[in-house]
Amino acid sequence: MPRFASSPRFAHGTPEALGVLLVNLGTPDAPTTSAVRRYLRQFLWDRRVVELPRPLWWLILNLIILTIRPARSAKAYRKIWTEKGSPLLLFSQAITAGVAQQLATRLSGNVHVELAMSYGQPAIETALARLYEHQVRRIILLPLYPQYSNTTTGSVFADVTAQLAQRRWIPELRSINHYHDDPAYIAAVVASVREFRERHGAGTRLLFSFHGLPRKMLLDGDPYHCQCQKTARLVVEALQLQDDEWALSFQSRVGRDPWLQPYTDELLTEWGENGVGDIDVV
653 MPRFASSPRF AHGTPEALGV LLVNLGTPDA PTTSAVRRYL RQFLWDRRVV
703 ELPRPLWWLI LNLIILTIRP ARSAKAYRKI WTEKGSPLLL FSQAITAGVA
753 QQLATRLSGN VHVELAMSYG QPAIETALAR LYEHQVRRII LLPLYPQYSN
803 TTTGSVFADV TAQLAQRRWI PELRSINHYH DDPAYIAAVV ASVREFRERH
853 GAGTRLLFSF HGLPRKMLLD GDPYHCQCQK TARLVVEALQ LQDDEWALSF
903 QSRVGRDPWL QPYTDELLTE WGENGVGDID VV
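Take the sequence shown: its position 168, counting from 1, is numbered 820 in the working numbering, and each next residue is one higher.
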């Protein structure tokens with residue numbers, strides 16, 4: 653058996669094709685306990701997501717988390733699940749189609765756009781195989797995370813390069829590290845806030861609620877916290893908000909170790925106790 657996966661035989665004069673690989677986090681295949689358990693097992697076993705020693709983490713994951721959380725999470729998924737499937741997958745597919753349409757109008761060459769998920773389907777391995785079928789010579793890798801984190805963008809880079817390392821032919825690879833302060837991204841967020849407030853009226857405050865990370869990751873050099881701060885600041889500047897009209901917080905902490913603060917749930921509780929209502933959340 654060959655040591656490396658084969659590709660179509662190389663031939664001079666073959667038109668060069670460009671591949672664009674968009675990668676998002678992923679989703680269970682269905683809002684069921686078994687599907688959520690499969691998803692969580694893959695997600696939480698990623699060394700870049702949970703950095704505990706493997707033997708200890710295996711025990712915690714399999715004996716505690718995967719026996720308790722799947723049923724609870726499946727119930728939450730059922731509340732947002734649509735007739736067409738997972739909202740995250742549907743939105744990601746729409747983004748992929750939009751990118752493909754834009755590139756088709758702007759580039760004259762042979763361009764192929766694929767969507768992959770770090771956990772669940774479509775898998776990164778499957779998406780790369782499709783790009784290889786089109787004999788792409790260059791790949792642009794775009795994780796759909798505006799802010800870099802080792803747990804998200806870093807994990808995508810590690811997975812993609814590990815898959816490519818199994819191939820005999822490795823295309824030229826360009827990776828988009830982040831776009832947290834890209835003018836087009838900031839303008840899109842600003843437009844979204846303005847459109848919402850035009851339709852529903854402006855709330856008392858605008859809250860930027862980012863997914864949290866263990867504080868230790870910040871101290872170990874993860875730039876996520878700083879990039880979240882800059883994204884919020886640039887949006888606030890464009891909206892011309894005063895300091896008392898907005899705030900930034902972090903949600904979804906797990907465990908007892910300190911995570912990035914302030915915590916969203918605690919901040920909302922504090923605001924409620926102080927009579928602050930009508931919060932717009934990004």
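Note that beta-carbon positions come from the ideal geometry of N, C-alpha and C, so glycine has one too.
(request) For the beta strand (DSSP E) containing D932, list its first residue and its last residue. (result) In the DSSP assignment, D932 falls within the beta strand (DSSP E) that extends over I931 to V933.
(message) Whole angstroms are fine: how far does the CA of A781 sit from the CA of L793?
(response) So the two alpha carbons sit approximately 14 Å from each other.
(message) Can you give me the C-alpha to C-alpha distance between H664 and R758, rounded to a whole angstrom?
(response) 26 Å
(message) Count Cβ pairs between the stretch 720-727 and the stretch 684-693 that sit closer than 8 Å; are there 3 or more?
(response) yes
(message) Going by C-alpha to C-alpha distance, which of P910, T916 and V906 sits closest to W898?
(response) T916
(request) Whole angstroms is fine: what's the gap from I747's alpha carbon to T666's? (result) 29 Å
(message) I need the boundaries of the alpha helix (DSSP H) containing Y729, first residue and last residue.
(response) L718 to I732
(request) With DSSP collapsed to three states, give me the class of Y837. (result) helix
(message) So, does the stretch 749-758 touch the stretch 699-710, judging by three or more C-beta pairs under 8 Å?
(response) Put simply, the stretch 749-758 does not touch the stretch 699-710. Fewer than three CB pairs are less than 8 Å apart.
(request) Keeping to the same chain, check which residues put their C-beta closer than 6 Å to that of G772; ignore five residues upstream and five downstream. (result) G678, T679 and Y691
(message) For L674 and E925, what's the separation of their Cα atoms in angstroms?
(response) 42 Å
(message) Let's test the definition: count the other Cβ atoms within 10 Å of the Cβ of N714 and tell me whether it reaches 16, buried, or not, exposed.
(response) exposed
(message) Measuring only the C-alpha atoms, how far is L640 from I838?
(response) Absent from the model: residue 640. The displayed extent of the chain is 653 to 934, so no value can be given.
(request) Kindly indicate the opening and closing residues of the alpha helix (DSSP H) around E668. (result) Element bounds for E668: n/a, residue is neither H nor E.
(request) Can you grab the Cα-Cα spacing for the pair S844 / A884, in whole Å? (result) 14 Å
(request) To the nearest angstrom, report how far apart H852 and F743 are at their CA atoms. (result) 23 Å
(message) For W911, report the span of its beta strand (DSSP E) as first-last.
(response) Element bounds for W911: n/a, residue is neither H nor E.
(message) Let's test the definition: count the other Cβ atoms within 10 Å of the Cβ of V906 and tell me whether it reaches 16, buried, or not, exposed.
(response) exposed
(message) Would the stretch 822-835 count as touching the stretch 853-872 if we require 3 or more Cβ pairs under 8 Å?
(response) no
(message) According to DSSP, is G924 part of a helix, a strand, or is it coil?
(response) It is helical.
(request) Go ahead and pull the three-state DSSP assignment for A775. (result) DSSP, reduced to helix, strand and coil, places A775 within a strand of the structure shown.
(request) Check each candidate in V933, L919 and V934 and name the one with the smallest Cα separation from G927. (result) L919
(request) Note down, in chain order, each residue of its chain lying with its Cβ closer than 7 Å to the Cβ of Y803, except the 5 sequence neighbours on either side. (result) Checking the sequence shown, residue 803 turns out to be Thr, not Tyr. Correct list, in chain order: R700, V701 and L865.
(message) Looking only at its chain, what residues have a beta carbon closer than 8 Å to the beta carbon of I822, apart from the 5 residues adjacent to it on each side?
(response) Excluding positions up to five away in sequence, the list reads L816.
(message) In whole angstroms, give me the CA-to-CA distance for R661 and R790.
(response) 17 Å
(request) Consult DSSP for Y876 and reduce its assignment to one of helix, strand or coil. (result) helix
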